[in-house]
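Below is one structure, written out as structure tokens; the observations come after it.
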Amino acid sequence: MRDFAAVRQEVLARDIHSTGFFNNKAKAVVGAAKKILADYGGQVPRTMEEMLTIPGVARKTANVVLGQAFGIAAGIVVDTHVQRIARRLDLTKNTDPVKIERDLMKIVPKEKWITFPLQLIYHGRALCFARKPRCAECKLEPLCYAPDKTV
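Right under this line is the structure:
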């Protein structure tokens, strides 16, 4: 943590250049490390409220860290796969990730909040592509309301 807080942003940006958006990411990593050291004694916080005070951290990142690192189900990760598939399965009508998360939290049992988005993500990577989904192979096809179904 101290190393990330001390590194010059330009140096870190060069090191992470291949990730894309490297300048923004470097700024966020350095800012996050400084904030975690200054406000949380070098320990990553374990509440959504605290996580959201960290530079570069919004609900998706906070949910990933809390769920995967600490096993804390504070909410549901909404990435592009979750967003797309939740809409295709008519689990939400919303397009805003925060609103989608709220909709999903109402219908998904809390004990599934960490695993459910991973299942949707894997499904999105395996079959339910944004373009040309493989609907004929999908067991969820009878439940799908997507206007772009391929069956």
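Under the numbering used here, think of the first position of the sequence shown as -18, with each following residue one higher.
Beta carbons are placed, not taken as given, at the ideal position from N, Cα and C, and that holds for glycine.
Just so you know, these numbers come straight off a predicted model, no measurement behind them.
In this structure I35 is not in contact with K8, their Cβ atoms being roughly 13 Å apart against a cut-off of 8 Å. When the Cα atoms are used, I102 and I(-3) turn out to be separated by approximately 25 Å. Counting along the chain, the unbroken alpha helix (DSSP H) around I102 starts and ends at 96 to 107. Within the segment 7 to 48, the runs of alpha helix (DSSP H) at least 4 residues long that lie entirely inside it are, in chain order, 29 to 32, 40 to 45. Counting of Cβ neighbours within 10 angstroms places A(-6) among the buried residues, the total reaching 16 or more. Put simply, of T42, W94, P90, C125 the residue whose alpha carbon is nearest the alpha carbon of L108 is C125.
Distances from the CA of A117 to each of T131, H104, E(-9) were compared; the closest alpha carbon is that of T131. Judged by DSSP in its simplified three-state form, M86 adopts helix.
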